[in-house]
Structure formats: C-alpha cells, structure tokens
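Q: The structure that follows is given in the form of structure tokens.
2 protein chains.
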Amino acid sequence: MSALLGLGDMLAGRFGERWIAHEAGRAQFMAAEGHHAAGMPDVVAQPRTIEDVQMLMAAAHAAGVPVVPLGVGTSLEGNAGAVAGAVSVDLSGMNRVLEVAPEDLLCVVEPGVTREALNEELRATGLFFPIDPGANATLGGMISTRASGTNAVRYGTMRENVLGLRVVLPDGTLIRTGSRARKSAAGYDLTHLFAGSEGTLGLIVEASVRLHGIPEAVLAGSWGFDSLDGAVQTVIETIQSGVPVARMELLDPVAIRACNAYAGLTLAEQPTLFVELHGSPRGVAEQREMLSAIGAEHGGGALTISADRDEQRRLWRARHAALPAARAMVTDAVTWSTDICVPISKLAGAISGARAAIDAAGLLAPILGHVGDGNYHVFFVLRRDDAAGWAKARAVNEELIDYALSVGGTCTGEHGIGIGKRGALVREHGADAVALMRRIKAAIDPAGLMNPGKIFAEE
Amino acid sequence: MSALLGLGDMLAGRFGERWIAHEAGRAQFMAAEGHHAAGMPDVVAQPRTIEDVQMLMAAAHAAGVPVVPLGVGTSLEGNAGAVAGAVSVDLSGMNRVLEVAPEDLLCVVEPGVTREALNEELRATGLFFPIDPGANATLGGMISTRASGTNAVRYGTMRENVLGLRVVLPDGTLIRTGSRARKSAAGYDLTHLFAGSEGTLGLIVEASVRLHGIPEAVLAGSWGFDSLDGAVQTVIETIQSGVPVARMELLDPVAIRACNAYAGLTLAEQPTLFVELHGSPRGVAEQREMLSAIGAEHGGGALTISADRDEQRRLWRARHAALPAARAMVTDAVTWSTDICVPISKLAGAISGARAAIDAAGLLAPILGHVGDGNYHVFFVLRRDDAAGWAKARAVNEELIDYALSVGGTCTGEHGIGIGKRGALVREHGADAVALMRRIKAAIDPAGLMNPGKIFAEE
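From first to last, the protein sequence lines stand for chains A and B.
Read in order, the letters of the first sequence correspond to residues 13 to 471 in my numbering.
Read in order, the letters of the second sequence correspond to residues 13 to 471 in my numbering.
Structure (structure tokens):
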C-alpha cells in the first residue's frame with residue numbers, strides 16, 4: 013500500500029480529483045455483472061488523454077504498482093476485478109469518437125466509447141458498428157475480451173473488426189499496431205495479440221474499427237419450434253447451407269418464460285429462435301424462403317418476421333434483457349453466465365447435453381445463445397447463500413467445458429478467461445501452449461504489473 | 013558448417029535420403045519467383061511427419077543450427093531464402109489433407125498441401141477453399157505470410173480463414189493453437205501470432221482452415237474503362253456501396269498487353285477490371301445491375317460477364333499468368349512485384365501516382381491488383397544487368413511505400429516482409445512497435461535460430 017500512496021502523491025498534480033482514493037468514490041467501481049465476488053479497488057485513476065495514461069503507466073512501473081484497466085464493468089468473468097495494492101484505471105472517460113471515415117468504412121475511437129454511443133454518432137452516415145454483445149460495453153473492453161454477440165454470424169467478432177490499435181505498454185511507451193488498410197502482411201500481428209489479452213499486456217488507448225453499411229432491408233422476428241433439437245438442427249443446416257443470416261439466437265422455454273415476465277412479451281413457452289436478416293429487399297426475401305424451408309423440416313412454426321423497426325427493437329431489447337430477466341426469476345438471485353462455443357455440427361449435442369445436466373442437477377437455468385456461431389450460454393440463477401446450488405452449478409459448468417473441449421470447441425466464445433476460467437485455459441490449449449503465452453506475457457510485462465491474476469493463475 | 017555436419021550425422025538415421033547435402037540436390041531449392049538473388053541452401057531436410065520435424069528442431073536447437081522453412085518457393089520477398097550455415101526444411105512432402113469436415117465447414121491439412129491440390133480434394137463436397145494468391149502456393153506458406161489474393165474481398169485473407177494450428181517450437185515442443193469453433197476468447201491469440209510470422213517463431217506442421225460453399229451461381233468477365241481513374245473509382249464505389257463482389261482485379265493497359273501476348277487473349281488495351289460475382293442466381297443478377305450502374309458513371313463499357321466455366325477459367329488463368337506474362341515482355345527479364353495496400357478511398361491516388369512515377373522513371377511496369385482490398389502490385393520488368401533500371405525501380409518502390417504509409421496504408425498487403433521490406437517495417441510501425449516484435453521473437457526463439465534475417469534486420 014505504501015507504493016500506492018507514493019504513486020498517488022506523484023500523480024496528484026496531474027490527476028487531481030480524477031485520482032479517487034476515498035472509499036465512497038472507490039465503491040462506485042465495485043459493480044460487476046458477473047457472478048464473481050466484487051472487490052473494491054484500492055484506488056481509481058481516471059485518465060482523460062493518452063498522455064495521462066502514459067504518465068500513469070510510467071509512474072506505476074517505476075513504483076512497482078499493478079494496473080487494472082476498467083471499462084464500464086460489464087465483463088462476466090472477473091476480467092477487470094480489483095486487485096489488492098493496484099490502481100484501477102477507469103477508461104470510461106476517454107469516450108470520444110475521434111474520426112469517422114465513411115469513405116474507408118472505418119472509425120477511430122477512444123477505448124471508453126460504448127457501442128450504443130458509437131452507433132448513435134454514426135447514425136447520419138448510413139454506417140453502423142455491428143458487434144453487439146448485449147451489454148452496452150465499451151469498445152476497449154470488447155477488444156480486450158474479443159467480444160462478439162448477436163451479429164457475429166454475418167459480421168464477425170471484434171477480431172475481424174479491429175483494424176489497428178494504439179497501446180500504452182507497461183513502461184509507458186506508446187505504440188501503434190495495424191493500419192487503416194483492410195489487410196496487411198507487415199510483421200507480427202500485434203493488433204490480434206492485444207485483442208483478447210484482457211489488459212494483461214498493455215492499455216488500449218485508441219482503436220480503429222471497421223464499419224458496415226446499414227442494410228437496405230431488415231427483417232426480424234421470433235420463430236417457435238416443437239423441440240429444442242428441431243430449433244438447433246435448423247440453425248446447423250442454415251449455417252451449413254451458407255444462408256447469410258445476420259442474427260440467429262436461441263432461447264429455450266425457460267429463457268422465454270423469463271423474458272415474457274420481465275420484458276412483457278407474450279411468446280409461447282417453446283424453443284424459439286430470434287432471427288434477423290439483412291440485405292437488399294430481394295436478398296432478405298430469398299433468405300426468408302430458404303430459412304422457412306429448412307425450419308419446416310424440423311418442427312418450426314410459421315416464420316413470422318417483420319420489417320417494422322419498433323417491433324424489431326422490442327424483440328432485441330427483450331433478448332438483451334435476458335440476463336436481468338433470468339435474475340428476476342428468483343428473489344435476491346445472482347446469475348452466472350457460462351460461455352461455451354463448439355463447432356456448429358456439435359451444437360445439438362452440446363445444448364441437449366446442457367439441458368440434461370441442468371435438469372439432473374435440479375438447477376434453474378435458461379439456455380440462450382448466439383447459436384449461429386456455435387456459441388451458447390447457460391444462465392444459472394442462484395441465491396448467494398445457496399452453497400449446494402453453487403457447487404452443483406460449478407460441476408455442471410465443468411461438464412459443459414469438458415464436452416466442448418472433447419469436440420474441438422472452446423471454454424469461452426466471447427467472455428474471456430478472467431479469473432473464472434484460468435484452469436480451463438490450460439485444459440483447452442495444453443500446458444505447453446499456455447507456457448508460451450506466459451513467455452509472451454513476461455516479454456511484454458516483465459514485472460507482471462498488468463492486470464495480475466487474470467488469464468493466468470498466479471504461480 | 014561443422015555444426016551442420018554434426019547435425020547431419022545425428023539425423024542421418026532418421027532422414028536417410030531425405031537429408032540432402034549434395035550440390036545437385038540442394039540446387040533444386042534455389043528457385044525463387046521473386047527478384048531477390050536466390051542462394052543455395054547448405055543442406056535440405058525433408059520431414060514426412062510431425063515427429064520428424066520435432067526431432068529435427070530439437071537437434072538443430074541443441075546444435076545451434078538455424079532453420080529455414082520452405083514450401084514450394086513461390087514467395088516474393090526472399091521470405092524462405094537460404095541462410096548460410098542453416099538447414100532448409102522442405103515441407104512440401106507433408107502434403108496430406110488429414111480431414112475434411114463439411115459439417116463444420118473446415119478441413120485439417122499438413123503444411124505442404126497446395127491450394128489447387130486442396131480444392132481438387134474438396135471437389136465432391138460442394139465446398140472450396142477461397143484464398144487464391146495466384147501462385148499454387150502451399151497452405152503453410154500462405155499462413156506464414158498472411159497471404160490473400162483475388163478472392164479476399166468477399167472471403168477474407170488467410171487471417172480470417174485459419175482456425176487453428178499445430179506448431180513445433182524452436183526447441184522441438186509441439187503446441188496446438190486455436191480450436192475448431194468459429195470464435196474463441198480463450199487466452200492470447202497464438203494462431204494469429206504465428207500467421208504472418210514467416211517462419212521466424214516456429215514451424216507450422218498442421219492447420220485447420222475454413223471452407224466455404226461453392227456458390228450456386230458464378231458470373232465472371234472483363235470490363236474495359238475509358239480511363240484508369242474511372243476503373244479505380246468504380247472499384248471504390250463498389251466497395252463503399254457494400255456490393256459483395258467475390259473478385260475485383262485491375263489490369264492496366266500495360267498488363268492487358270502482356271496478358272494478350274502471353275495467354276492469347278484479345279482484350280482491348282485499356283484499363284480493365286476482371287470481375288467475379290458469387291451468390292444465388294437472383295443475387296448475382298442483382299450484383300451485376302448494381303455494378304453496371306456504378307461503372308456507367310465512370311466510363312465503363314458494357315459489363316459482359318458470363319456463367320460459362322471454361323471462359324471463366326481462361327480469364328483467371330490469364331490473370332494468374334500475369335507475372336510470367338510481364339517477364340516475357342523483355343528477353344531474359346526478371347520481374348519484381350511490389351505489394352502496396354491502402355485504405356480504399358486512397359486507391360485512386362495510389363494507382364495514378366504509381367503510373368506517374370513509373371512513367372517518369374522510364375520503366376516498363378504493368379500495374380495489377382486485388383483492388384477491392386485496396387491492394388495493388390507494380391511488376392517492374394528488368395534485365396538483371398540493368399543497374400540503372402534497378403536503381404530507378406528501387407526509388408519508385410520506396411516512393412510507393414511512402415505514399416501508402418502517408419495515407420494509413422501498409423508496405424505489404426500479402427507478400428510479407430521477408431528480406432526486402434525490413435526497413436519499411438520500421439517506417440510503418442515505428443521503432444517501438446518493432447522493438448516489441450523483437451521481444452516476442454526473443455521470448456519464443458531465444459537463440460534466434462528460426463529463419464534468421466527475415467522480417468528483422470540482423471543487429
């Protein structure tokens with residue numbers, strides 16, 4: 013703590029009230045959407061400029077003080093959780109859109125810009141930023157966890173949509189990665205090394221991301237199925253047939269029940285796909301025909317989708333509220349969102365296996381997912397004091413991960429490793445690959461000051 | 013050399029005739045398509061299995077012998093050029109397609125599989141591997157240089173199409189990166205660190221790559237324009253409008269002249285786009301209408317495209333033969349292909365600037381390009397002994413790179429750094445970013461044995 017106090021003295025002149033050491037201020041930064049216990053940062057710094065960040069990092073480096081980057085706190089695996097003796101760096105105030113270049117289908121943003129704010133700013137351009145993880149996360153946070161979400165089937169994840177970064181390294185050095193060109197073969201791909209590194213290698217202070225044209229026609233709606241397997245088989249065949257759906261989300265009957273109650277929907281409590289199609293009017297009509305034909309073979313009801321923007325907004329608002337909706341199913345409950353991604357052909361086995369495991373354990377847990385990517389979530393709904401329930405949920409989660417790894421999938425499609433999946437990381441990639449990641453970490457952050465304890469268990 | 017002899021003795025039992033130390037054998041591996049002088053390897057090893065590679069790497073590591081990975085030698089920047097005292101590892105014999113998984117739209121290959129062999133093998137599945145750099149390169153080589161080519165506009169580059177790798181590290185350790193899932197947020201993105209690292213970090217011994225459905229309808233043809241600028245503006249607006257063209261290649265009048273002569277075409281010697289559209293029959297018809305409308309405003313002639321596969325094959329064969337076609341313009345000439353990629357809005361300036369610089373220098377050089385990506389090539393056609401011509405070409409190349417960097421582009425879209433662009437790498441990313449790349453290199457290859465002298469100038 014004395015190193016932290018010394019750092020505070022050193023930076024007080026520059027940061028002033030943006031160096032938050034009093035308890036009431038720090039307590040604002042405890043919030044965490046995930047199921048991990050939220051700690052209070054020992055101190056929070058609020059940089060406004062790249063120079064602020066550089067000075068902070070250089071001083072922390074000199075003082076040996078760890079640094080934890082923070083966005084708006086929507087991450088789910090404790091990725092940005094407080095670390096004792098560390099300074100938490102709240103980047104949400106660096107939230108300017110620095111440049112929009114419609115002619116190159118890109119924009120340049122500070123890390124604290126949220127996806128909703130960005131799309132608001134883009135409205136007049138006819139372009140949009142497609143990555144939509146549900147929560148109104150910051151771009152910096154989304155890059156740091158390689159986030160994706162509902163639109164990734166068609167538009168890719170943050171990985172495919174980040175062109176370049178400016179990063180402050182642990183010693184305060186500022187580097188630029190990538191370029192504004194759509195592709196490059198110039199040297200090591202540092203952009204994609206920092207994307208997904210969860211703040212363990214440096215601090216992202218600027219990002220260039222790809223934009224996409226707002227589609228001429230959009231159709232969206234919900235689609236009920238006789239069986240969970242029928243809904244999933246429809247997804248699998250849709251992807252295998254190359255139908256370019258924009259969004260394809262699964263909600264099981266428990267999820268529908270939660271959303272009906274929370275968001276005032278009146279959907280039948282059956283396995284349901286929320287579908288969105290983008291394209292020209294003729295293009296979306298054609299996609300709709302292809303989808304209908306596939307679904308009809310798997311117990312799908314009528315595919316009633318609409319071009320009405322308000323109806324579409326209501327639908328996606330309900331989908332995005334699924335996590336609080338699940339939480340509201342039980343008084344004083346906490347939700348724990350798992351995050352598995354499997355090869356598309358294994359999705360039916362993964363989801364029916366998940367449902368069976370949840371039911372066998374007697375847990376309450378809707379299943380939802382960005383199923384077009386093979387990515388799904390189980391939302392365990394638990395009271396904090398239900399020790400037996402948490403133990404069962406932990407066991408089911410491990411079972412889901414084991415299944416995913418046994419079929420070539422991954423323990424996390426989009427939430428990252430944080431503190432919750434450090435063990436799973438080793439099971440997924442093997443000890444030698446994780447040892448290599450640690451060598452890279454040590455090469456870039458030799459003092460181990462960047463977001464310590466995240467991704468890798470401390471040795 | 014004595015270390016190399018010792019290594020040969022150690023490995024003779026395992027490699028037998030696949031350890032090639034005699035001059036006639038080694039001379040087979042001098043061929044290089046690029047303009048860099050081709051050296052002869054001191055010894056060539058031909059592994060057939062991952063275990064061969066692991067044993068070779070471990071032994072070379074113990075003996076302190078450098079290792080240079082080789083595919084089929086189509087790289088253009090000396091990326092796989094011989095290094096004195098090193099063993100060149102010819103991976104072209106590890107050329108099996110290990111698995112095709114149509115249900116997951118992926119396949120698993122050894123690094124020596126060529127793209128043509130892979131697509132031949134995929135024919136019955138209705139799927140194809142889209143990355144097509146022109147040359148019949150190996151998948152391992154294409155991953156190592158982050159190659160792309162004519163189809164990248166629609167299907168992305170190797171970066172977007174590689175899902176996972178198996179890599180033998182410099183000490184012989186085998187690791188696995190990535191997964192079979194379409195996305196993952198599990199730890200550092202090692203897959204994309206190795207992709208584009210040009211064999212300087214380890215040896216790729218297996219790759220999982222994405223496949224795509226063969227489109228129902230394909231239209232292709234050539235499209236003449238009144239002016240170079242009109243052709244380029246058509247490309248820019250096509251991309252900005254989001255028309256999902258599969259291929260969009262520019263050939264300037266000099267390139268057309270070369271292709272007419274070499275491939276027996278009879279195209280008018282004017283700025284020309286080679287275009288290919290993929291989709292449903294209605295989809296390609298719609299794309300065609302949109303393209304025609306854009307081109308009509310920029311001096312485009314009739315867009316005559318056809319569904320005839322033989323005609324399409326003839327067209328692309330001519331495009332792919334552009335490099336030898338350029339070489340054939342002058343007796344005993346060598347071609348030097350530059351490789352610039354700029355943000356799409358800067359393409360007109362880049363290409364008109366290139367033509368002006370070439371003409372001002374009095375050089376013979378067709379301009380071609382994967383212009384839908386903002387990527388173009390100048391093929392300097394030069395006799396080896398034309399010292400003044402080479403000096404002028406070097407100056408023009410630097411000018412093209414400077415322009416690209418000044419507008420946020422890159423010094424290489426797809427050929428990589430090799431030995432030819434080591435200086436440009438530093439100009440593009442800055443000394444601090446390149447220093448970081450070197451720290452990563454040192455962490456993974458502390459003895460500096462992997463493809464030394466490539467990407468980074470030796471210190």
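Beta carbons are placed, not taken as given, at the ideal position from N, Cα and C, and that holds for glycine.
Treat the numbers as computed from the prediction; the structure is a model and nothing was measured.
Nearest chain B C-beta to A:MET67 closer than 8 angstroms, yes or no?
A: A:MET67 does not count as touching chain B.
Q: Cβ closer than 9 angstroms: which chain D residues qualify as neighbours of A:GLN324?
A: The displayed structure is made up of protein chains A and B, and chain D is not among them.
Q: Starting from B:ILE62, find everything on chain A with Cβ-Cβ shorter than 7 angstroms and list it in chain order.
A: None at all; the shortest Cβ gap to chain A is about 14 angstroms.
Q: So, is A:GLY199 buried or exposed, given that buried needs 16 or more other C-beta atoms within 10 angstroms?
A: Classification of A:GLY199: buried, given that the 10 Å Cβ count is 16 or more.
Q: Helix or strand or just coil, what does DSSP make of A:ASN148?
A: Looking at A:ASN148 - three-state DSSP - the assignment turns out to be coil, as it is neither helix nor strand.
Q: Can you name the start and end residues of the alpha helix (DSSP H) that A:HIS382 belongs to?
A: Taken as a continuous stretch (DSSP letters only), A:HIS382 belongs to no alpha helix (DSSP H), being part of the beta strand (DSSP E) at 379-382.
Q: Helix, strand or coil, according to DSSP, for B:TYR415 in the structure here?
A: It is helical.
Q: Leaving out five residues on either side along the sequence, give the residues of the same chain with a beta carbon under 8 angstroms from the beta carbon of B:GLU128.
A: ASN148.
Q: 8 angstroms is my cut-off, CB to CB: does A:ARG135 come that close to chain B?
A: A:ARG135 does not count as touching chain B.
Q: Check whether the stretch 360-371 of chain B touches the stretch 396-403 of chain B, counting contact only when three or more Cβ pairs, one atom from each stretch, lie closer than 8 angstroms.
A: They do not touch, by the three-pair rule.
Q: Taking the alpha-carbon positions, what's the A:ASP116 to B:ARG321 distance?
A: The alpha-carbon atoms of A:ASP116 and B:ARG321 are separated by roughly 33 angstroms.
Q: Flag A:HIS441 as yes if its beta-carbon sits less than 8 angstroms from any beta-carbon of chain B, otherwise no.
A: A:HIS441 counts as touching chain B.
Q: Suppose only complete runs of 4+ residues qualify. What are the alpha helix (DSSP H) ranges in the stretch 212-269 of chain A, listed by chain order?
A: With a minimum length of 4 residues, the continuous alpha helix (DSSP H) runs that stay inside the stretch 212-269 of chain A are 240-252.
Q: Quick one: which chain A residues come within Cβ less than 7 angstroms of B:PRO355?
A: In chain order: ASP116, ARG192 and ALA193.
Q: With distance defined between alpha-carbon atoms, name the residue in A:ALA207, A:PRO182, A:GLY225 and A:THR126 nearest to A:TYR167.
A: Checking every option, the nearest Cα to that of A:TYR167 belongs to A:GLY225.
Q: Can you give the Cα-Cα distance for A:ALA443 and B:THR189, rounded to whole angstroms?
A: Whole-angstrom Cα-Cα distance: 12 angstroms.
Q: Tell me the residue span of the alpha helix (DSSP H) that contains B:ILE187.
A: Here B:ILE187 belongs to no alpha helix (DSSP H); instead the beta strand (DSSP E) covers 186-190.
Q: Quick one, which residues of the stretch 412-438 of chain A are near chain B if we go by CB-CB under 9 angstroms, in chain order?
A: Correct list: ALA416, LEU417, VAL419, GLY420, GLY421, THR422, CYS423, THR424, GLY425, GLU426, HIS427, GLY428, ILE429, LYS433, ALA436 and LEU437.
Q: Using 8 angstroms as the threshold, is the stretch 52-59 of chain A in touch with the stretch 22-35 of chain A, meaning 3 or more CB pairs across them?
A: Result yes; three or more Cβ-Cβ pairs closer than 8 angstroms.
Q: Look at the alpha carbon of A:ALA164 and the alpha carbon of B:ALA275, and state the distance between them as a whole number of angstroms.
A: C-alpha separation (whole angstroms): 42 angstroms.
Q: Quick check on B:GLU323: buried or exposed, where buried means 16 or more other Cβ atoms within 10 Å of its Cβ?
A: Result: exposed.
Q: Can you tell me which of A:ARG38, A:ALA113, A:GLU261 and A:LEU16 puts its alpha carbon nearest to the alpha carbon of A:LEU68?
A: If we check each option's Cα against that of A:LEU68, A:LEU16 comes out closest.
Q: With 7 angstroms as the limit, tell me which residues of the stretch 295-309 of chain A have their beta carbon closer than that to any beta carbon of chain B; keep them in chain order.
A: Taking 7 angstroms as the Cβ-Cβ cut-off against chain B, the residues of the stretch 295-309 of chain A that qualify are GLY295 and GLU298.
Q: Kindly indicate which three-state DSSP category B:PRO81 falls into: helix, strand or coil?
A: Of the three classes helix, strand and coil, the one that applies to B:PRO81 here is strand, per DSSP.
Q: Which ranges would you report for the beta strand (DSSP E) in the stretch 102-177 of chain B if only whole runs of at least 3 residues count?
A: Entirely contained in the stretch 102-177 of chain B, the beta strand (DSSP E) runs reaching 3 residues are, in chain order, 109-113 and 118-121.
Q: Indicate whether at least one CB of chain A lies closer than 8 angstroms to the CB of B:ASP201.
A: Taking Cβ atoms only, chain A reaches closer than 8 angstroms to B:ASP201, which makes this a yes.
Q: Assign B:TYR200 to one of three DSSP states: helix, strand, or coil.
A: In the structure shown, B:TYR200 sits in coil (DSSP, three-state: anything other than H, G, I, E or B).
Q: How should B:LEU110 be labelled, buried or exposed, when 16 other C-beta atoms within 10 angstroms of its C-beta is the threshold for buried?
A: B:LEU110 comes out exposed.
Q: Helix or strand or just coil, what does DSSP make of B:ALA98?
A: Looking at B:ALA98 - three-state DSSP - the assignment turns out to be coil, as it is neither helix nor strand.
Q: For B:SER292, return the contacting residues in chain A, with the cut-off set at a CB-CB distance below 8 angstroms.
A: The answer, in chain order, is GLU298.
Q: Just to check my reading of the structure: A:GLY236 and A:GLY313 have Cβ atoms closer than 8 angstroms, yes? What is that Cβ distance to the nearest angstrom?
A: With a Cβ gap of about 5 angstroms, A:GLY236 and A:GLY313 count as contacting.
Q: Using a Cβ-Cβ cutoff of 9 angstroms, what residues of the stretch 147-161 of chain B are near chain A? List them in chain order.
A: Result list: THR157, ARG158, ALA159 and SER160.
Q: Report yes or no: do three or more beta-carbon pairs, one from the stretch 207-218 of chain A and one from the stretch 422-434 of chain A, lie closer than 8 angstroms?
A: With a cut-off of 8 angstroms, the stretch 422-434 of chain A and the stretch 207-218 of chain A count as touching, because enough Cβ pairs lie within range.
Q: Pull up the distance between the alpha-carbon of A:ASP414 and that of B:ALA92, whole angstroms please.
A: Those two C-alpha atoms are separated by around 40 angstroms.
Q: Looking at the secondary structure, which residues open and close the alpha helix (DSSP H) in which A:PHE27 lies?
A: That run of the alpha helix (DSSP H) goes 14-27.
Q: Here's a check: name, in chain order, each residue in its chain whose Cβ is nearer than 6 angstroms to the Cβ of A:HIS332, leaving out the five neighbours to either side.
A: So the list reads GLY146, once near-sequence residues are dropped.
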